[in-house]
Amino acid sequence: MSTTLETTTPPAAPAPEKATRLSQPLRLALYALVALAVLSLIRVLTDANDLTSAGTVSAALTLAVPIGLAGLGGLWSERAGVVNIGLEGMMILGTFGAGWIGWQHGPWAGLLTAVIFGLVGGLVHAVATVTFGVDHVVSGVAINILGLGVTQYLAGELLADSPGGGETQSPPISALPRPSVPGLDGLLEPLEKHHWFLISDIAGILRGLLTNVSILTVVAVLLVIASYVILWQTPFGLRLRSVGEDPHAAESLGVKVRLYKYIAVAVSGGLAGLAGGFLAIVASGIYREGQTGGRGYIGLAAMIFGNWRPGGLMMGAGLFGYTDAMQLRNAVAVHALLLVVFALLLVVTALNLYRRKWITAAVGLVFAVLSLVWYLNSDELPGPITTMTPYVTTLLVLALSAQRLRMPKADGLVYRPEGK
Amino acid sequence: MNADTVRRVGLSLAAPALAIILSLAITSAVLAAAGNDPFETFKQMIEYAKEPRTTAMIINGSVTYYFAALAVAFGFRMNLFNIGVDGQYRLAAMLAAAVGGAVSLPPILHVGLILLVAVLVGGLWAAVAGLLKVYRGVSEVISTIMLNSITTALIAFLLTTDKLAVQAEGSNNIGTKAIPASGQVPGIGLVPDSPLKVYGLIVLAVIVGFLYWFVIEHSRFGFDLRAAGRNEEAAVASGVNVKRMILISMAVSGGIAGLVGMPQLLGSSYTYSLDFPAGIGFTGIAIALLGRNTALGVAIGALLFGFLDNSSQILDLEGVPKEIVMITQGVIVLSVVIAYELVRRYRIVAQQREVGRRLSEPPAPAAGNDKTPQGAQA
Chain A
25 MSTTLETTTP PAAPAPEKAT RLSQPLRLAL YALVALAVLS LIRVLTDAND
75 LTSAGTVSAA LTLAVPIGLA GLGGLWSERA GVVNIGLEGM MILGTFGAGW
125 IGWQHGPWAG LLTAVIFGLV GGLVHAVATV TFGVDHVVSG VAINILGLGV
175 TQYLAGELLA DSPGGGETQS PPISALPRPS VPGLDGLLEP LEKHHWFLIS
225 DIAGILRGLL TNVSILTVVA VLLVIASYVI LWQTPFGLRL RSVGEDPHAA
275 ESLGVKVRLY KYIAVAVSGG LAGLAGGFLA IVASGIYREG QTGGRGYIGL
325 AAMIFGNWRP GGLMMGAGLF GYTDAMQLRN AVAVHALLLV VFALLLVVTA
375 LNLYRRKWIT AAVGLVFAVL SLVWYLNSDE LPGPITTMTP YVTTLLVLAL
425 SAQRLRMPKA DGLVYRPEGK
Chain B
103 MNADTVRRVG LSLAAPALAI ILSLAITSAV LAAAGNDPFE TFKQMIEYAK
153 EPRTTAMIIN GSVTYYFAAL AVAFGFRMNL FNIGVDGQYR LAAMLAAAVG
203 GAVSLPPILH VGLILLVAVL VGGLWAAVAG LLKVYRGVSE VISTIMLNSI
253 TTALIAFLLT TDKLAVQAEG SNNIGTKAIP ASGQVPGIGL VPDSPLKVYG
303 LIVLAVIVGF LYWFVIEHSR FGFDLRAAGR NEEAAVASGV NVKRMILISM
353 AVSGGIAGLV GMPQLLGSSY TYSLDFPAGI GFTGIAIALL GRNTALGVAI
403 GALLFGFLDN SSQILDLEGV PKEIVMITQG VIVLSVVIAY ELVRRYRIVA
453 QQREVGRRLS EPPAPAAGND KTPQGAQA
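Protein chains in written order, with the numbering used here: chain A, 25 to 444; chain B, 103 to 480.
See below:
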């Protein structure tokens, strides 16, 4: 691995530290390829073909999108310096909006309502944090309580008498289209069925990503790209991010700090509402109480995991969706995942040894050995343990990466204009 | 000076009062919009709360909330946001119930052991988040949220009939083995004419509340804690070991959280089963905010939430969705923090005016009063 790194970075000095300074996209692609090879190797060794099957990938995508959208909401608001722990509440508002309007006027109207409901939640957060200077986390918690209370109250008033619905759920909502890239399925399916090393895995993943994908998933991916372009490539985005880094400097340059914060938090709420709409319309086809199940918080974790950047955030959401899909689909595959964890931890440990971080390396090694021992001494993980997988994975990943993360400088700080 | 004290007390009461009025107004508006008479609704809730049985239930609910809110408040004092109280108390209650059901000891020792297990489990579980924060820089907000979900899975894993649980007779509910009489805490007949007694652990709640007040306000540790919570850098400069403070406060917060399930476990259910109440940790956050993290304020907040929860049970019979109470609770939290901010701004303006007034006066009479602005700000 190190030889590849040195040969592909011409300006890099021979010093070992410099060797890791590969251009970012290239480095990520390399990581992805290595991860895929490891995954494929373990699949071949353990016969857990669900590790990379199209079905798993497709399920992972469905589970990742709401987390990704919520995380994107978090990104917008935190880039403008407002911590949004109220994402969960805004998402709940979104699920209800989608369910209430969706069953009567179709999925698109439902989605629009979801976005508007989330946006209203975002505006409440903005009024509290930006205008009144309330602590961001406190306001977020209040919005989470409010979101749950308001939807339960409204569901009792508005859905109780609906046909097939009730106080805790809406009638079914009609589905959105699920297009495929034409001709791809017939080409990839036989390849996947052969279970060849790497080739079948790539075929399975492509098939999961490109066939029978909800139109809203496509929209979500476009929104991530659009957010990147808007926030990093336009003057508007530069101003918005400057508000999150140093509001007083931004103000002195003529940026309307409060306006930008309002816009960012409103967009954040709208995205969280859309995430809720996805859960109601695409993932389950119905509004149900308690449907979000903490995904707003996990979206926030995915964003932190992704270092407050859209690409990283997508990876975080993907990782979470993948482990979640695995635990839902196949206990054998989760068991094989223990071996994946072992391999990953071994790589991390090696890296830490190389960087002479002895304690971190030792901790990593202990966990690696533990997961190997566990793998060898069991045939299958008990059900409840597999449901932990996504959370444990998130914690592990955060614990191993957290110190290199950097959040916007004025994130979470209450902004008070000069003289107030 | 005296007039100043009166004004200061008035101002600090103004914020919660403003918040409660505001949330009543918003709740009324929502009720009216749905075609219900707000005054009639509130009247019914108060009437229902006056029934002795309901009063006892309100007190019992408040005792549980009190522990949860104190746990959150302790973290807040150190600027730590322990969202994990929910997971900490559930894991603590389950393991304490399992231990309590498995041993037989003399009465006081038995209860003591159960409480000790609960405090230790809660504290250790919270310490995981503390360790992650101190050594790996993981925000406690995220890690405690993850730990909550992990707790849910862990309890589902341990609470099966081949591990810690037994089948309850005559139902399909499973729970830990019932705690024998020696480990139970008898209720107190605090409310006259009520068939329901108040949890005996209300005494423990008062003790813990007192200790909380004493440790935070009157001990060296409390001083360091508040200093580190307000300004970490200044605390470091004056020799406070912030890492250790974070770990200790997280563990203490979790230890108090471990007590949340105890009043119910030792006072009425005697077993941890699948229907043991969940989500109290989140209510604790709201109450801690409402009570401004002080022992007395939190007690009042816990009573208010206990009242809202229990008196709302009558509403369903009257055709009003009882979820309206949750809206009230959410609005209370939001309006109380907004109200505090408004009062803070008013204070600053008032102080500026005061300073302006004194500067324009001849300097002589100001000599004895130069400390007042600082005192008013604290």
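The beta carbon of each residue, even a glycine, is placed where N, CA and C say it ideally should be.
Under three-state DSSP, which class holds Ser375 of chain B? Residue state, collapsed to three classes: strand.
Along the chain, where does the alpha helix (DSSP H) containing Gly123 of chain A start, and where does it finish? Start and end: Leu111 to His129.
Beta-carbon separation (whole angstroms), Ala175 of chain B vs Val400 of chain B, contact threshold 8 Å: Contact holds; Cβ gap of about 6 Å.
According to DSSP, is Thr235 of chain A helix, strand or coil? Residue state, collapsed to three classes: coil.
What three-state label does DSSP hand Ile169 of chain A in the structure shown? Three-state DSSP puts Ile169 of chain A in a helix.
Ala325 of chain A at chain B interface by Cβ criterion, 8 Å: Closer than 8 Å to some Cβ of chain B, the Cβ of Ala325 of chain A qualifies, so yes.
Could you list which residues in chain B have their beta carbon closer than 7 Å to that of Pro408 of chain A, in chain order? For Pro408 of chain A, the C-beta contacts it makes with chain B under 7 Å involve Ala255, Ala258 and Phe259, in order along the chain.
Skipping 5 residues on each side, what residues in its chain have a beta carbon closer than 8 Å to that of Thr129 of chain B? Hits under 8 Å: Pro140, Ile426, Ile429, Thr430 and Val433.
Using a C-beta to C-beta distance shorter than 8 Å, which residues of chain A count as neighbours of Phe183 of chain B? Residues of chain A with a Cβ closer than 8 Å to the Cβ of Phe183 of chain B are, in chain order, Val161.
Pick helix, strand or coil for Trp220 of chain A, following the three-state DSSP scheme. Three-state result, Trp220 of chain A: coil.
Is Pro432 of chain A close to chain B, meaning its C-beta is less than 8 Å from at least one C-beta of that chain? Chain B contact via Cβ: absent.
Could you give the distance in angstroms between the alpha-carbon of Tyr167 of chain B and the alpha-carbon of Phe378 of chain B? Distance between the alpha carbons of Tyr167 of chain B and Phe378 of chain B is about 15 Å.
By the 10 Å Cβ neighbour count, where 16 or more other Cβ atoms means buried, how is Tyr55 of chain A classified, buried or exposed? So Tyr55 of chain A ends up on the exposed side.
Should Ser82 of chain A go down as buried or exposed, given a rule of 16 or more other Cβ atoms within 10 Å for buried? It counts as buried.
Entirely within the region 164-248 of chain B and at least 4 residues each: give me those alpha helix (DSSP H) ranges in chain order. Counting only runs of 4 or more residues that sit fully inside the region 164-248 of chain B, the alpha helix (DSSP H) segments are 187-204 and 209-238, in chain order.
Are the region 176-183 of chain B and the region 448-468 of chain B touching, with three or more C-beta to C-beta distances below 8 Å? Below 8 Å, too few C-beta pairs join the region 176-183 of chain B and the region 448-468 of chain B to call them touching: fewer than three.
Do you know how far the Cα of Ile409 of chain A is from the Cα of Leu256 of chain B? For Leu256 of chain B and Ile409 of chain A, the distance between alpha carbons rounds to 7 Å.
Taking 6 Å as the limit between beta carbons, can you name the residues of its chain near Gly331 of chain B, skipping five residues before and five after? Only Arg179, Met180 and Asn181 meet the Cβ criterion.
Within 8 Å of any Cβ in chain E, is that where the Cβ of Phe156 of chain A sits? In summary, chain E is missing from the structure at hand, where the protein chains are A and B.
Write down the C-beta distance between Leu215 of chain B and Val201 of chain B rounded to the nearest angstrom, noting that I regard them as a contact closer than 8 Å. 7 Å between Cβ atoms; contact.
Quick one, are the C-beta atoms of Ser198 of chain A and Pro131 of chain A less than 8 Å apart? Going by C-beta atoms, Ser198 of chain A is nearer than 8 Å to Pro131 of chain A.
Going along chain B, which residues have a C-beta under 9 Å from Ile116 of chain A? None at all; the shortest Cβ gap to chain B is about 12 Å.
Leaving aside the five residues before and after Gly318 of chain A along the sequence, list all residues of the same chain whose C-beta is less than 7 Å from its C-beta, in chain order. Taken in chain order, the residues that qualify are Glu112.
Glu242 of chain B versus Ala173 of chain B: straight-line alpha-carbon distance, rounded: Straight across, the Cα-Cα distance linking Glu242 of chain B with Ala173 of chain B is about 14 Å.
If the cut is a Cβ gap below 8 Å, which residues of chain B does Ser125 of chain A touch? Looking at the sequence itself, residue 125 of chain A is Ile, so the reference to Ser does not match. Those within 8 Å of Ile125 of chain A in chain B number zero; the least Cβ separation is about 18 Å.
Using the C-alpha atoms, what's the distance from Phe325 of chain B back to Ala469 of chain B? Bear in mind that the predicted position of Ala469 of chain B carries a pLDDT of just 48, short of 50, making it unreliable; the figure below should be weighed with that in mind. One C-alpha to the other measures close to 30 Å.
Listed in chain order, which residues of the region 161-176 of chain A have Cβ atoms closer than 9 Å to some Cβ of chain B? Flagged, chain order: Val161, Val162, Ser163, Val165, Ala166, Ile167, Asn168, Ile169, Leu170, Gly171, Leu172, Gly173, Val174, Thr175 and Gln176.
Please go through the region 413-477 of chain B and give each complete alpha helix (DSSP H) segment of 4 or more residues, from N-terminal end onward. Runs of the alpha helix (DSSP H) spanning 4 or more residues and lying entirely within the region 413-477 of chain B occur at 426-462, in chain order.
Looking only at its own chain, which residues have a Cβ that is under 8 Å from the Cβ of Arg353 of chain A, when we skip the five neighbours before and after it? Correct list, in chain order: Asp74, Gly79, Thr80 and Ala83.
Name the residue from B:Val422, B:Glu443, B:Val439 and B:Asp411 whose alpha carbon lies nearest to the alpha carbon of Ala158 of chain B. From the listed residues B:Val422, B:Glu443, B:Val439 and B:Asp411, the smallest Cα separation to Ala158 of chain B is found for B:Asp411.
To the nearest whole angstrom, what separates the beta carbons of Gly134 of chain A and Ile305 of chain A, a pair I think is in contact under 8 Å? Contact check for Gly134 of chain A and Ile305 of chain A: beta-carbon distance about 6 Å, within the 8 Å limit, so the pair qualifies.
So which residues of chain B does Glu404 of chain A contact, with C-beta pairs closer than 9 Å? Ordered by position in chain B, no residue passes the 9 Å Cβ test against Glu404 of chain A, which lies about 13 Å from the chain.
Distance cutoff 8 Å, beta carbons only. Does Val416 of chain A sit that close to anything in chain B? Answer yes: the Cβ-Cβ gap between Val416 of chain A and chain B drops below 8 Å somewhere.
Does any CB atom of chain B fall closer than 8 Å to the CB of Thr8 of chain A? Since the displayed chain A opens at 25 and closes at 444, residue 8 of chain A lies outside it and no answer follows.
Can you tell me whether DSSP reads Arg312 of chain A as helix, strand or coil? Three-state result, Arg312 of chain A: strand.
Compare the C-beta of Gly412 of chain A with all C-beta atoms of chain B and state if any pair is closer than 8 Å. The identity of residue 412 of chain A in the sequence shown is Met, whereas the question assumes Gly. Cβ-Cβ to chain B under 8 Å: yes for Met412 of chain A.
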